[in-house]
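Notes for the one structure printed next.
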Amino acid sequence: MSEWLVLAIALALVCALVLAMTAIRHRRVAEDEDTSETPDVIEYMTMMVGVVYAIVLGLAIAGVWEARGAAEDGVRREAQSLYEVTQRADVYPAPVRDRIRGEVDAYVTHTVSVDWPRLIAGKEASPEGAELLGKLRSDVTHQSPANELQAQAYQPLLDQIAAADDARHSRTQSDESTLPSVVWVGLLVGGVVTIGLIFTLQIRRSGRELLMAGLFSALIVFLLFMVWSFDAPYGRDGTDSAGAFQDLFPALSVTASR
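Under my numbering, the letters of the sequence shown match residues 40 to 297, in that order.
The structure is reproduced here in C-alpha cells:
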C-alpha cells in the first residue's frame, strides 16, 4: 500500500471521527449549558498538554530525520567507494580490470535487486552480498602490482573496498525502526489526548469551529505520519533510497529493476 494512500485514509478517518463526535456531543448537550465560557484551569491544562506534546513530537521528528540522513550518507559512501574501485582499476591489464569491474557490477546488482527489497520488508540482508564483496577484496588483494602505477593504486583500491564494506555493515545494522515501541505508544496516546482535549473547550457545530477542529486533527495525523515514514531509514516502498547506486551505476540499476 502506498504511503500517500495510508496518509489519505488516516486523515479521512480521524477527521470524520472528530466531526462525528462533535456532532454527537452537540446533540446530547443540555439546553441550559453555557457554551460561551470555559473554565480557566481547562484552558491552562489544554495549553500545557499541547505544548508538551508538541515538544515530544518535534524531538521524535528530529530523531528520525537524523537517522534517515545518516542512512542516506552511508549509502552514498558505499556507492561512491565502489565507483572509485571501478575507476582506479583502470591501471590493471584488461582481463584483471574487467574481472574487478564485473565483480563490482555483480555486487551492485545484487544490492539493488535483492538486498533493498529485503531491507524495506524488515528482513536481514542476504549473506550473498557479503560473499560478493569478500570475493572482490580477495581478488584485489592477491593481484600483485606489476609496475609502479599499479603499486600506487593497490592500497587505495583496498581502502575503497574497506570503506564500502564498512558502509555495508552500517546499512545492514541500521535498517530497523529508529524509535522504540514505548515512544510510539507515547506519541499515539498523546495524539489521542491532544485531539480529545478539543471537546473540553465546549466546541460547537459552527462552521468555523468544525473547520479548526478538522485542520488541527489533520495536522496531528500528518506529523505522526511523517514520523512513521521517516522511521524506516530506507523507506517503506520501492528502492528510491538506493538512488546513489542508481546514479553511479545507471545501466545496472535499470537491469536490476526489470
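Don't be surprised by glycine CBs; every beta carbon is placed ideally from N, CA and C.
- The DSSP assignment places complete alpha helix (DSSP H) segments of no fewer than 4 residues inside the segment 199–235 at 220–235, in order along the chain.
- Annotation: T239 is outside any alpha helix (DSSP H) and is labelled neither H nor E by DSSP.
- Under the 8 Å Cβ criterion, the segment 203–210 counts as touching the segment 111–130, having at least three qualifying pairs.
- In this structure P272 is buried. Its beta-carbon is surrounded by 16 or more other beta-carbon atoms within 10 angstroms.
- Secondary structure at P132: coil, using DSSP grouped into helix, strand and coil.
- Counting the other Cβ atoms within 10 Å of the Cβ of T180 gives fewer than 16, which makes it exposed.
- A residue is called buried once 16 or more other Cβ atoms fall within 10 Å of its Cβ, and A201, having fewer, is exposed.
- Take the alpha-carbon of V224 and the one of D286: they are about 38 Å apart.
- With distances taken between CA atoms, P134 lies nearest to D178 out of A106, V103, D178.
- Given a length threshold of 4 residues, each whole run of the alpha helix (DSSP H) inside the segment 145–171 is given here in chain order: 155–159.
- Remark: C-beta atoms of T125 and R140 approach each other more closely than 7 Å.
- When C-alpha distances from A252 are compared across V260, F261, I234, A192, the shortest belongs to I234.
- In the structure shown, Q182 adopts coil according to DSSP, grouped into three states.
- Between the C-alpha atoms of G246 and F264 there is a straight-line separation of about 27 Å.
- C-alpha of P156 to C-alpha of I100: approximately 25 Å in a straight line.
- Per the coordinates, the alpha-carbon of T211 lies some 19 Å from the alpha-carbon of K174.
- Put simply, of G282, V228, A290 the residue whose alpha carbon is nearest the alpha carbon of V95 is V228.
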